[in-house]
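**Student:** In this note's numbering, the protein residues as written are 7 to 442. Think of the CB as a built atom: it goes at the ideal place given N, C-alpha and C, for glycine as much as any other residue.
Structural data, given as structure tokens:
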């Protein structure tokens, strides 16, 4: 397992005398003021690949040119047709996700776009002939938290009540999930099963099997299995293992339960990659009824560019080994800085992910917003406090998502110095205020 979530320990500030604590608060204010005078403008708000990472994908730009053969196993990529995607693209994603190509539709560049389309299908047409969600009332979607804010925004957009589910070191709290799906108003759950955003947790086999064995009261309930980081390990020879969900469902005697998503957005070019949805044969046939109205076919030239460079999953893994060489020092710098500057202070806890794009940071309760605001004043932009919870409402006001991928190592080090100084300043001030 990759990451362990834990609450902050008792801080050293709680053991100080009132006089010593007041002096420490003033000292920390001075430290923050000195950092502010540097005029920094650093951004750790989102998990964007760095220019160095994106540069690794430049060979794709030469993969198709004016003299290229634009056919793919008999399919003309330069014309209409093949609405499910090129054969080579479906096969590549099938290898990545360990499913049958018959379960795959490759379309567009964004897996989030496909997730939106899937919910739109349920909203307008209904899942597998069930009553469309737009004709049902008071519907709910389960949201493992801390989690991915864009997921929560999609279900909120369609009018679902987003219901938080606790994230643990093994995945979502399955006792909660199993109880909540007894309610027929619950229509789905968001999941990032490998190197979860933001905790870095990979769901244990037992968690996957419990998902596969779910017996939801709603026949139109679906698990949205966003396998965004399926090949995004930081330590290629120590890759986390994730049980394949469709095989687990089959073993449990189920069938139509999961829509799985993946894309190359953080493998090749963000916004210009290729994306897929995988589902049971029946669910895929159901989706085509809406997809066929929305699109004639996908951008098959882009698919061809990708599969000319990545002929199979082994080529993807070789590419991701290079990607890990760029990312790994950044995550190791985060761990080193946090441990060095906050480890003995005892006011915070954080995850140490083995893959993905984020570090989940737990500040003292009631401090996250103040820390993010103070960092912004000093010149470091972070993801908004509360963003990892539905409606931006973190009930403890403690979780902060750190995204170390985009800055240079020097910029990241500077941003982390600011962050640690702001954490200590806010935590100490909170303790002093508590005593007054």
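Starting from the C-beta of residue 156, find all residues in its chain whose C-beta is less than 8 Å away, skip the five residues before and the five after it, and write them out in chain order.
**Tutor:** In the chain shown, counting from the first residue as 1, residue 156 sits at position 150. Around residue 156: 118.
**Student:** Quick one: using the 10 Å Cβ neighbour count with 16 as the cut-off for buried, is residue 436 buried or exposed?
**Tutor:** Position 430 of the chain shown, counted from the start, is the residue given in the question as residue 436. Buried.
**Student:** Mapping DSSP to helix, strand and coil, what is residue 8?
**Tutor:** Locating residue 8 in the chain shown gives position 2, counting from the first residue. Note that residue 8 has pLDDT 39, beneath the 50 cutoff, so the model's placement of it is unreliable and no number is given.
**Student:** For residue 154, which beta-bridge partners are listed by DSSP?
**Tutor:** Taking the chain shown and counting its residues from 1, one reaches residue 154 at position 148. Answer is none; residue 154 lacks a bridge partner.
**Student:** Quick check on the DSSP output: the alpha helix (DSSP H) that includes residue 211 runs from which residue to which?
**Tutor:** Taking the chain shown and counting its residues from 1, one reaches residue 211 at position 205. 211-218 is the extent of the alpha helix (DSSP H) around residue 211.
**Student:** When you compare only the Cα positions, how much space is there between residue 9 and residue 231?
**Tutor:** Translated into positions along the chain shown, residue 9 becomes position 3. Translated into positions along the chain shown, residue 231 becomes position 225. For residue 9, the predicted model reports a pLDDT of 42, less than 50, meaning its position is unreliable and no value from the coordinates is stated.
**Student:** Assign residue 300 to buried or exposed, taking buried as 16 or more other Cβ atoms, counted over all protein chains shown, within 10 Å of its Cβ.
**Tutor:** To locate residue 300, count along the chain shown from 1; it is residue 294. Counting Cβ neighbours within 10 Å, residue 300 comes out exposed, since fewer than 16 surround it.
**Student:** Going by alpha carbons, who is nearest to residue 412 out of 27, 33, 48, 22?
**Tutor:** As a working mapping, residue 412 is identified with position 406 in the chain shown. Checked all of 27, 33, 48, 22; the closest Cα to residue 412 is 48.
**Student:** Starting from residue 307, follow the alpha helix (DSSP H) in both directions and report where the run begins and ends.
**Tutor:** On the chain shown, residue 307 is found 301 positions in, with the first residue counted as 1. DSSP places residue 307 inside the alpha helix (DSSP H), whose first and last residues are 306-315.
**Student:** Kindly provide the ranges of any alpha helix (DSSP H) runs that are 4 or more residues long and lie completely inside the region 21-93, ordered along the chain.
**Tutor:** Fully enclosed alpha helix (DSSP H) runs of 4 or longer: 24-42, 57-61.
**Student:** Quick one: what's residue 405 bridged to in DSSP?
**Tutor:** Taking the chain shown and counting its residues from 1, one reaches residue 405 at position 399. 368.
**Student:** Are the Cβ atoms of residue 78 and residue 94 separated by less than 7 Å?
**Tutor:** Start at 1 with the first residue of the chain shown, and residue 78 comes out as number 72. Start at 1 with the first residue of the chain shown, and residue 94 comes out as number 88. The answer is yes: Cβ separation under 7 Å.
**Student:** DSSP on residue 110, reduced to helix/strand/coil?
**Tutor:** In the chain shown, counting from the first residue as 1, residue 110 sits at position 104. Note: residue 110 maps to strand in three-state DSSP.
**Student:** Check whether the region 97-115 touches the region 367-374, counting contact only when three or more Cβ pairs, one atom from each stretch, lie closer than 8 Å.
**Tutor:** With the cut-off at 8 Å, the region 97-115 and the region 367-374 do not touch.
**Student:** Report the option in 21, 92, 111, 103 whose CA atom is closest to the CA atom of residue 249.
**Tutor:** Here residue 249 refers to the residue found at position 243 of the chain shown. Nearest C-alpha to residue 249: 103.
**Student:** For the alpha helix (DSSP H) containing residue 172, list its first residue and its last residue.
**Tutor:** For this step, residue 172 is matched to residue 166 along the chain shown. Note, residue 172: premise wrong, no alpha helix (DSSP H); beta strand (DSSP E) at 167-174.
**Student:** CA-CA distance, residue 338 and residue 267?
**Tutor:** Here residue 338 refers to the residue found at position 332 when the chain shown is read from its first residue. Here residue 267 refers to the residue found at position 261 when the chain shown is read from its first residue. Answer to the nearest angstrom: the Cα atoms are 29 Å apart.
**Student:** Taking the C-alpha atoms as reference points, what is the distance between residue 7 and residue 421?
**Tutor:** As a position in the chain shown, residue 7 is number 1, starting the count at 1. As a position in the chain shown, residue 421 is number 415, starting the count at 1. Because residue 7 carries a pLDDT of 35, less than 50, the predicted location of this residue cannot be relied on, and no value is offered for it.
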